[in-house]
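Residue numbering for the sequence shown follows the working numbering, beginning at 1 and increasing consecutively.
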Amino acid sequence: MSTTEEFSGGGAPEHDGPEPAATAGPGGDDPYGTHTPADAADTTPAPAADDAPAGPPGERPAGGTDDAARQSRRTPDTPVDAHKTPQHRPPDPREQDADRFEKLEAYGSSVAYHGSAVTLNVGADRPPEFQRIDLDPEETRRTWELHQKAPQYGRMTGSLREHHLVVVVGARGSGREATGCALLAERCAGGISVLHGAQDGLIQALLERNGRRLKRGHGFRVNLGAHRPDPAALEALARQAAARHAYVVVIVEDPEADPGDLGPYAFRHLRPDPAPVLEAHLKAALEEHRAQCTTACTLHGTGAFRSRVMADPRTVRKLGAAPSVHWVTRFARDLAGCLHEPEDTLDTLLDTPVGDLRGLVRRFLKLSEQRTEPAAAGPYHQALRIAYLLGHELPLSDVIRAGTLLGVDMLRVENRDTAPARPVFEADLDRLAPPGGGIAAERGGGMSDNPRRARLADPELMPAAVEVVWHDLPWLREPLVTWLRRLGSDDLERVRGRAGVIAGYLLRHDFDSVYRNLVRVWAISKSVNDRRCAALALDVALEADDPWLSQRVARQVASWADSPKWPFQDSAARAYGTSLGVRDVATTLPALRALAGRPALVPYVSVAYSLTALFLAEDGVEPVTEALGEWIRSENDNLPRHAVRALLVLGPFAVGPDLPSRPRLAQQAIDDPGQEETLLLLWQRALVDPAHSGQAWKLLRDWLLAADQDEELARFLEKFVPRVCAPRRRRTLFHLRLWSRVHPEATVLRQVLDSLAGP
């Protein structure tokens, strides 16, 4: 049933034509229920009178309308003539129309409409339209049981009990409407109605005619949309609701609204933790499926399925990127549908991205389809948003500092003048990147770390952000490259590494331009940090699994290796230690040997670290061990130096969790006596090398101490160490005696000392 009415100062309703069709439907954006309209989400009518709840939802005491009381309070609009009796007074047309409205309103409130809507026009000159939808108590019972309380829910309940009014300020998709219905369901015995409209004036509509629309024991959820309510009107509404013993929840979507300015009954609404929401709705969907399933579907089977899904890391990642609570409930139904499907069906559902990550980034950066410039927000806020997207897992202090630097470069490009050295702006990250919007991770997921870190809901947002910034903001390319150069020279290694990662993402989209303006500058630099960034950028670019890009990177590194300039050579040596070299160890080792034989790379450890990376590869142990044997015996004096450095880098690596105390190089010698001779030459050269002898002696001490936890390693070292130290017997005794005094419990160390000291 749908009726359109217009009221002007309590005047007569005017019907211009036939009644319009009812526009029943969801009035909200984030319901909890699986079968209820959005406005009916998470609501349960709780039979309560005045200020005391009256039992579980759905068990309301029967009660009549308050028509008699309304009639007794009604007063005529004009005074009654003393010489005329009331029955002889001419009827007032306005009073007749008011009576018709009262009957319509009483009928609409006493009859439970299941999905019906009443459209009302309230105002004087151009009255706004709004809809009232009465929620079905039977359907809200189930959603009330599934409702998960949002933060500050207890304080909202107290405000509704004390003031009969709660103002919920929340973003779309946070579950605010479901929370409002749940609050009303716990207090109201007379039913719940939802009011929403496209124009401002809903609060005034409730206040009209002395608040007679506020029924005793009835609850009203008023959706104001982006309209910000007047504090004076809210105060009047609270007084009217308390006088009529009704309860009102006002929902405000204005993101700039401050709850502190709206009165003591206003609260900021944050969406609940999506994990309990998913688990509750998944359990309900599986129970419903089991009740209707014709196959052998047991409670134990559905419980095991639910536990497995909730423990899957992919589920946690998708929940972090969930755009709304309604999406979580729909995701629960989709998961329940995979119960009897093949395993790849569930894998496909969990591996599919939540939504259009590129579109999500555009909305977060305040970009529209018509313009490619930052929105009205200042350049520092825009830069801070970009830095947050690109600073996943970095401390917020690094993100804010990097965002400030980017803002300076953006201003310099926009204004073509000198940017302020110390910009002052408000860095409210909780407002710029609020949890629940699809960008930032949910609270509680590591957000309380010290230091607090920037965490994205989906890590894939970072490469998507790089693509959006590079292609949709072409004017930002120059400041972005300048910014990455500055980050590549940062004092913190984690910031330098992030600059290399971002450059690698950019190489996937525009290799020639990014290489020419950024990566090549790093590769030819005399700074070790810059050359590390160049190698890291190429490594990240290879992760795209693009055959053309892989060939392009391989040719570029080969060109670096053939260059007569030593910075290019060092950059190539570092690049061979990435996935480029790991993909084909046999081909990489000859190229790395050619670089190691050049005197320009002797002062650097790039070759040693690349050898270590190749050794730790799946099929790299044997070829790298053979290469070390060849290098340590080479007549080229440069190769033994790189081999010794490789020993010192590889020495601390253990075999694995099953043998945490056994070095991998020692394991190679234990398994292959031929490799023992190579290891012997490496140790003898390391202990006498003036540049590395101090580090070599410390590594030998660690091996002897670790042997106390490994009998096989102890037997090997008791014979191996005396052979290594025979040419340097006096120096060895000095170190062993010093170590034995510091570690008197070291058994193997004492045995080696006694063996060398002799009788």
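We put the CB at the ideal spot given by N, CA and C, even for glycine.
Taking residue i as part of the alpha helix (DSSP H), name the residues at either end of that continuous run.
i, result
"F568", "W566 to A575"
"A178", "R176 to A185"
"H269", "Premise fails: H269 lies in the beta strand (DSSP E), A266 to H269, not in any alpha helix (DSSP H)."
"D230", "Per DSSP, D230 belongs to no alpha helix (DSSP H) and is neither H nor E."
"Y388", "P379 to L390"
"K318", "P313 to G320"
"K719", "E711 to C725"
"P323", "Note, P323: premise wrong, no alpha helix (DSSP H); not H, not E."
"L749", "T747 to A757"
"E478", "R477 to G488"
Along the chain, where does the beta strand (DSSP E) that runs through residue i open and close?
i, result
"I251", "Y247 to V252"
"V222", "G219 to N223"
Tell me whether residue i sits in a helix, a strand or coil according to DSSP, three-state version.
i, result
"G170", "strand"
"H289", "helix"
"L659", "strand"
"V80", "Because V80 carries a pLDDT of 37, less than 50, the predicted location of this residue cannot be relied on, and the following value inherits that uncertainty. Reduced to three states, the DSSP call for V80 is coil."
"S693", "helix"
"A440", "strand"
"I524", "coil"
"A654", "strand"
"V194", "strand"
"R641", "helix"
"Q667", "helix"
"P459", "coil"
"L679", "helix"
"D510", "coil"
"R216", "coil"
"I133", "strand"
"L165", "strand"
"P623", "helix"
"P474", "helix"
"R498", "helix"
"P395", "strand"
To the nearest angstrom, how far is the alpha carbon of residue i from that of residue j?
i, j, result
"T404", "W739", "51 Å"
"D398", "R314", "28 Å"
"S606", "Q569", "10 Å"
"F762", "R741", "Here the chain has residues from 1 to 759 only, and residue 762 is not among them."
"G175", "A575", "49 Å"
"L270", "H245", "28 Å"
"W144", "R532", "56 Å"
"A150", "C181", "13 Å"
"A600", "R520", "19 Å"
"T678", "E630", "9 Å"
"A541", "A465", "16 Å"
"E343", "L349", "10 Å"
"L799", "H218", "Summary: the structure shown does not reach residue 799, with the chain confined to residues 1 through 759, and so no result is reported for it."
"L165", "L183", "10 Å"
"Y760", "V309", "This structure cannot settle anything about residue 760, because the visible part of the chain is limited to 1 through 759."
"Q240", "R330", "39 Å"
What residues in its chain sit with their C-beta under 8 Å from that of residue i, if we drop five residues either side in the sequence?
i, result
"V585", "L614, A617, D619, G620, P623 and V624"
"P231", "D261, L262 and G263"
"A654", "P660, S661, R662, P663 and R664"
Which same chain residues, not among the five before or five after residue i, have their C-beta less than 7 Å away from its C-beta?
i, result
"D510", "W470"
"A591", "A561 and Y576"
"E478", "V413"
"S307", "none"
"P272", "Q148, K149, A150 and G175"
"A226", "E253 and D254"
Please name the residue, chosen from the options, that lies closest to residue i on a Cα-to-Cα basis.
i, options, result
"G488", "L647, I670, T295 and S527", "S527"
"V688", "D710, P640 and A714", "P640"
"D258", "R728, V309 and G170", "G170"
"E635", "Q667, E626 and G597", "G597"
"Y388", "T678, L365, K698 and M410", "L365"
"V648", "L699, A757 and G407", "Just to set this straight, residue 648 is Leu in the shown sequence, not Val. Nearest C-alpha to L648: L699."
"L282", "A311, L384, D334 and G158", "D334"
"L432", "V724, L456 and F305", "L456"
"W566", "R363, I524, D539 and G191", "I524"
"V721", "R268, L753, A746 and R330", "L753"
"R701", "A726, V748, F716 and H692", "V748"
"G407", "E235, Q382, D491 and R362", "Q382"
"T760", "P463, H392 and C338", "Any question about residue 760 goes unanswered here, given that the chain covers just 1 to 759."
Can you give me the Cβ contacts of residue i inside the same chain, cut-off strictly under 6 Å, excluding the 5 residues immediately before and after it?
i, result
"V501", "V540"
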